[in-house]
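Enquirer:
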Amino acid sequence: MSPWRVLKRRTKALMMRHAPGMLTCAQFESFVLAYHEGELDSSAREAFERHMRMCPPCQVSFADYCRTVALGQRLFAEQDAAEPAPVDDRLVASILAARRAR
Amino acid sequence: MTEALQQHSDESLLDRLRAGDDAAFAELVETQAPRLLSVAKRYLGDVAAAEDCVQEAFLAAFRALDRFEGRSTLSTWLHRITVNAALQALRRKGARDEVDIEPLLPTFDSDGFLEGRTQTTAADAETLLADDDVRRQVRAAIDTLPLGYRNILMLRDIEGLSIKEAAEMLELTETNAKVRLHRARQALKKLLEPLFVEGAL
Chain W
0 MSPWRVLKRR
10 TKALMMRHAP
20 GMLTCAQFES
30 FVLAYHEGEL
40 DSSAREAFER
50 HMRMCPPCQV
60 SFADYCRTVA
70 LGQRLFAEQD
80 AAEPAPVDDR
90 LVASILAARR
100 AR
Chain S
0 MTEALQQHSD
10 ESLLDRLRAG
20 DDAAFAELVE
30 TQAPRLLSVA
40 KRYLGDVAAA
50 EDCVQEAFLA
60 AFRALDRFEG
70 RSTLSTWLHR
80 ITVNAALQAL
90 RRKGARDEVD
100 IEPLLPTFDS
110 DGFLEGRTQT
120 TAADAETLLA
130 DDDVRRQVRA
140 AIDTLPLGYR
150 NILMLRDIEG
160 LSIKEAAEML
170 ELTETNAKVR
180 LHRARQALKK
190 LLEPLFVEGA
200 L
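So the protein sequences, as listed, match chains W and S.
Quick note: numbering that gives the first Met the number 0 has the first sequence finishing at residue 101, numbered continuously throughout.
Quick note: numbering that gives the first Met the number 0 has the second sequence finishing at residue 200, numbered continuously throughout.
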């Protein structure tokens with residue numbers, strides 16, 4: 000890392016730690032789920048968003064987090080909307096036979 | 000079918016089921032088994048295990064028919080029982096081919112900065128999932144999560160349960176469920192990173 004970048008990061012680190020209401024990346028990270036769930040109150044939400052505006056890695060990290068959740072949510076959406084594949088008759092017969100055997 | 004209509008047809012089917020009408024049982028199994036099988040397959044992977052799970056779920060449902068209170072539709076109720084049966088089957092199966100979750104969690108440098116990329120692809124989930132290869136990658140990545148993390152992610156993000164409902168099903172406290180869900184998503188994000196790297200597609 001160039002001396003200039005080190006200096007920039009150090010300065011930013013100092014700002015993040017000492018500016019009032021500024022979150023560190025680790026604190027930001029600990030609020031991600033609550034923010035995503037819409038559970039933060041307005042001042043916590045503002046602090047979260049302020050950090051995100053200042054910090055490109057957290058911005059990217061949060062964007063990828065949201066996309067990860069969305070990938071899970073949509074993964075089977077098409078399958079759920081479509082007619083499911085028919086099951087083997089054997090399975091239906093076996094379930095009904097097991098019921099009668101009780 | 001509208002909900003009211005569904006509730007009505009459920010009620011008449013339920014009456015027949017409770018009366019022990021064989022045709023009603025056949026109707027229930029024939030109409031519900033296909034969807035339940037596809038749900039069970041998401042958890043268990045192979046068809047034979049999923050079929051066993053669906054059979055177990057139906058038998059459990061038949062035993063519990065008298066306790067069905069009609070607060071949800073029959074099909075939602077069966078879905079829930081099937082997911083429970085699948086979770087139990089996974090527990091019985093025990094050790095799986097799992098990754099270690101720790102190395103997949105974000106790391107911070109000595110200044111408390113997140114060590115991460117500053118660029119990502121602009122493609123949204125829907126665009127990414129249009130590629131069958133991506134779908135397979137996402138499924139495979141979910142499957143390698145440790146069970147305790149995978150299950151909460153499946154219930155919350157894939158089945159769409161609330162965190163509270165998912166916590167109850169997994170017998171976790173809500174706080175613990177949140178911690179696990181968050182870690183599961185972070186780990187999955189890390190596993191899917193190649194998809195997000197700009198220009199990867």
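For glycine and all other residues, C-beta sits at the position ideal for the given N, C-alpha and C.
Keep in mind the model is a prediction, meaning the values are calculated, not measured.
#1: May I ask you to report which of helix, strand or coil DSSP gives Leu113 of chain S?
#2: Which whole-angstrom value is the C-beta distance of Ala176 of chain S and Ile151 of chain S, which I expect to be below 8 Å?
#3: Use the C-beta contact count for Gly159 of chain S: other C-beta atoms within 10 angstroms, 16 or more gives buried, fewer gives exposed.
#4: Apply the 10 Å Cβ neighbour rule to Pro105 of chain S and answer buried if 16 or more other Cβ atoms are within range, or exposed otherwise.
#5: Can you confirm whether Ala124 of chain S, when its beta carbon is compared against all beta carbons of chain W, has any partner nearer than 8 Å?
#6: Taking Cβ-Cβ distances shorter than 8 Å, what residues in chain S pair up with Phe30 of chain W?
#7: For the alpha helix (DSSP H) holding Met168 of chain S, just list the boundary residues, first then last.
#8: Taking 8 Å as the cut-off, does the region 119–138 of chain S touch the region 21–28 of chain S (at least 3 CB pairs, one atom from each stretch)?
#9: Run down chain S in chain order and give the residues with a C-beta less than 8 Å from the C-beta of Leu90 of chain W.
#10: Give a yes or no on whether 8 Å exceeds the smallest Cβ distance from Phe67 of chain S to chain W.
#11: Where does Ala122 of chain S sit, in a helix, a strand or coil, going by DSSP?
#12: Pull up the CB-CB distance for Val53 of chain S and Thr75 of chain S, whole angstroms please, since I reckon it's below 8 Å.
#13: Short of 7 Å Cβ to Cβ, which residues in the region 55–68 of chain W face chain S?
#14: Shortest alpha-carbon distance to Leu36 of chain S belongs to which of W:Thr67, W:Tyr64 and W:Pro83?
#15: Is the Cβ of Asp132 of chain S closer than 8 Å to any Cβ of chain W?
#16: Under 8 Å: do the region 114–122 of chain S and the region 43–58 of chain W share three or more Cβ pairs, one atom per stretch?
#17: What's the C-alpha gap between Met153 of chain S and Lys163 of chain S?
#18: With a threshold of 8 Å between beta carbons, is Leu200 of chain S in contact with chain W?
#19: Does any C-beta atom of chain A lie closer than 8 Å to the C-beta of Phe75 of chain W?
#20: Cβ atoms of Leu74 of chain W and Leu128 of chain S: under 8 Å apart, would you say?
#21: Roughly how many angstroms lie between the CA atoms of Ala97 of chain W and Asp130 of chain S, to the nearest whole one?
#22: With a cut-off of 8 Å on the beta carbons, I'd call Leu95 of chain W and Phe24 of chain S a contact; round off their distance for me.
#23: Could you name the residues of chain S that Gly71 of chain W contacts, counting a contact when the two beta carbons are closer than 9 Å?
#24: Indicate whether Val68 of chain W and His181 of chain S have their beta-carbon atoms separated by less than 8 Å.
#25: Any C-beta of chain W sitting closer than 8 Å to the C-beta of His181 of chain S?
#26: Pro105 of chain S versus chain W: which residues are under 7 Å apart at the beta carbon?
#27: Cβ closer than 7 Å: which chain W residues qualify as neighbours of Gly115 of chain S?
#28: Along the chain, where does the alpha helix (DSSP H) containing Cys65 of chain W start, and where does it finish?
#29: How would you call Gly113 of chain S, buried or exposed, if buried means at least 16 neighbouring beta carbons within 10 angstroms?
#30: Answer yes or no: does any C-beta atom of chain S fall closer than 8 Å to that of Ser93 of chain W?
#31: Mapping the DSSP letters down to three states, classify Phe201 of chain S as helix, strand or coil.
Expert: So, from the data block:
#1: Of the three classes helix, strand and coil, the one that applies to Leu113 of chain S here is strand, per DSSP.
#2: In this structure, Ala176 of chain S and Ile151 of chain S form a Cβ contact; the two beta carbons are roughly 6 Å apart against a cut-off of 8 Å.
#3: It counts as exposed.
#4: Around the C-beta of Pro105 of chain S, 16 or more other C-beta atoms lie within 10 Å, and the residue is accordingly described as buried.
#5: By the rule that beta-carbons nearer than 8 Å mark a contact, Ala124 of chain S touches chain W.
#6: Under the 8 Å cutoff, chain S gives no residues; its nearest Cβ is about 10 Å from Phe30 of chain W.
#7: Per DSSP, the continuous alpha helix (DSSP H) segment holding Met168 of chain S begins and ends at Ile162 to Met168.
#8: These segments do not touch.
#9: Listed along chain S, the residues sitting closer than 8 Å to Leu90 of chain W by beta-carbon distance are Ala32, Leu36, Glu50, Val53 and Gln54.
#10: No - not a single Cβ of chain W is within 8 Å of the one on Phe67 of chain S.
#11: Ala122 of chain S: coil per DSSP, three-state reduction.
#12: Wrong, their Cβ atoms sit about 16 Å apart, outside the cutoff.
#13: Look at the region 55–68 of chain W: the residues with a C-beta under 7 Å from a C-beta of chain S are Pro55, Pro56, Cys57, Val59, Ser60, Ala62, Asp63, Tyr64, Arg66, Thr67 and Val68.
#14: Closest by alpha carbon: W:Pro83.
#15: No, Asp132 of chain S lies away from the interface with chain W (no Cβ there is under 8 Å from its Cβ).
#16: Inter-segment contact for the region 114–122 of chain S and the region 43–58 of chain W is present: three or more beta-carbon pairs are separated by less than 8 Å.
#17: Between Met153 of chain S and Lys163 of chain S, the C-alpha separation is close to 14 Å.
#18: Residue placement at Leu200 of chain S is poorly supported in this model, since its pLDDT is 48, which falls under 50; the coordinates still yield a value, given next. Not one chain W Cβ lies under 8 Å of Leu200 of chain S.
#19: Of the chains in the structure shown, none is chain A; the protein chains are W and S.
#20: With a cutoff of 8 Å on beta-carbon distance, Leu128 of chain S and Leu74 of chain W are scored as near each other.
#21: Cα-Cα distance, rounded: 41 Å.
#22: The pair is a contact, with the Cβ atoms about 6 Å apart (cut-off 8 Å).
#23: Going along chain S in sequence order, the residues near Gly71 of chain W (Cβ under 9 Å) are Ala124, Val137, Ile141, Leu152, Met153, Arg155, Asp156, Ile157, Arg184 and Leu187.
#24: Their beta carbons are not under 8 Å apart, which means Val68 of chain W does not touch His181 of chain S by this criterion.
#25: Residue contact with chain W for His181 of chain S: present (Cβ-Cβ distance below 8 Å to some residue of chain W).
#26: Under the 7 Å cutoff, chain W gives Glu28 and Ser60.
#27: Those within 7 Å of Gly115 of chain S in chain W are Pro56, Val59 and Ser60.
#28: DSSP places Cys65 of chain W in the uninterrupted alpha helix (DSSP H) bounded by Pro55 to Leu74.
#29: The sequence given here has Leu at residue 113 of chain S, not Gly. Result: buried.
#30: Closer than 8 Å to some Cβ of chain S, the Cβ of Ser93 of chain W qualifies, so yes.
#31: This structure cannot speak to residue 201 of chain S, because chain S is shown only from 0 to 200.
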